[in-house]
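These notes concern the structure reproduced below.
In this note's numbering, the protein residues as written are 1 to 148.
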């Protein structure tokens with residue numbers, strides 16, 4: 001009896017890539033979760049700071065991995081007696097209805113609950129049409145042509 005006969009051999013399963021709609025949905029959900037963390041931190045009286053890993057040189061000149069803070073801009077504004085949460089996809093306002101890209105809440109304390117509802121709607125695919133419409137207006141990305 002050989003050594004390979006003692007173990008179970010199977011075919012390697014390939015990782016399935018998400019399609020463009022699923023990737024856009026995941027990006028929106030990730031951005032909304034970041035806004036939720038910021039809103040909850042504001043209500044708790046703390047700060048929320050996102051970090052990213054970058055390479056930097058230390059005192060001896062060696063490249064080391066460091067964590068740098070990343071500025072995250074809040075998507076809400078206090079307008080009079082209400083708070084308006086402007087929904088975005090990247091840096092572009094996302095219109096859920098024609099001409100309407102913001103959600104209004106009465107108090108800042110209600111904002112985390114509204115963001116959770118928006119996350120649930122995005123995960124359910126209710127914002128896919130709005131994202132697709134925004135992407136269609138933007139047009140396809142042009143590929144860089146190598147100079148010959």
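Positions of the beta carbon are idealized from the N, C-alpha and C atoms, including for glycine.
In this text, all values refer to a predicted model and were calculated from it rather than measured experimentally.
Three-state secondary structure (DSSP) of residue i
i, result
"residue 22", "helix"
"residue 15", "coil"
"residue 10", "coil"
"residue 95", "coil"
"residue 29", "helix"
"residue 74", "coil"
"residue 114", "helix"
"residue 100", "strand"
"residue 68", "strand"
Rounded straight-line distance, which links the Cα of residue j to that of residue i
i, j, result
"residue 108", "residue 20", "34 Å"
"residue 143", "residue 44", "46 Å"
"residue 15", "residue 30", "21 Å"
"residue 32", "residue 123", "11 Å"
"residue 51", "residue 125", "29 Å"
"residue 40", "residue 81", "20 Å"
"residue 99", "residue 84", "14 Å"
"residue 87", "residue 135", "15 Å"
"residue 156", "residue 104", "Past the boundaries of the shown model lies residue 156; the chain is included only from 1 to 148, so the question cannot be answered."
"residue 59", "residue 67", "16 Å"
"residue 138", "residue 5", "57 Å"
Residue interval of the alpha helix (DSSP H) (run including residue i)
i, result
"residue 133", "128-138"
"residue 107", "Per DSSP, residue 107 belongs to no alpha helix (DSSP H) and is neither H nor E."
Span of the beta strand (DSSP E), counted from its first residue to its last, around residue i
i, result
"residue 50", "50-57"
"residue 83", "82-86"
Any non-hydrogen atom of the ligand GTP closer than 7 Å to residue i Cβ
i, result
"residue 21", "This structure does not include the ligand GTP; it has no bound ligands of any sort."
Under 8 Å: do the segment 3-17 and the segment 77-95 share three or more Cβ pairs, one atom per stretch?
Contact fails: fewer than three Cβ-Cβ distances are below 8 Å.
Would you say the segment 53-72 touches the segment 108-118, given that touching needs at least three Cβ pairs under 8 Å?
no
If contact is defined by three or more beta carbon pairs under 8 Å, each pair taking one atom from either stretch, is the segment 120-140 in contact with the segment 18-34?
yes
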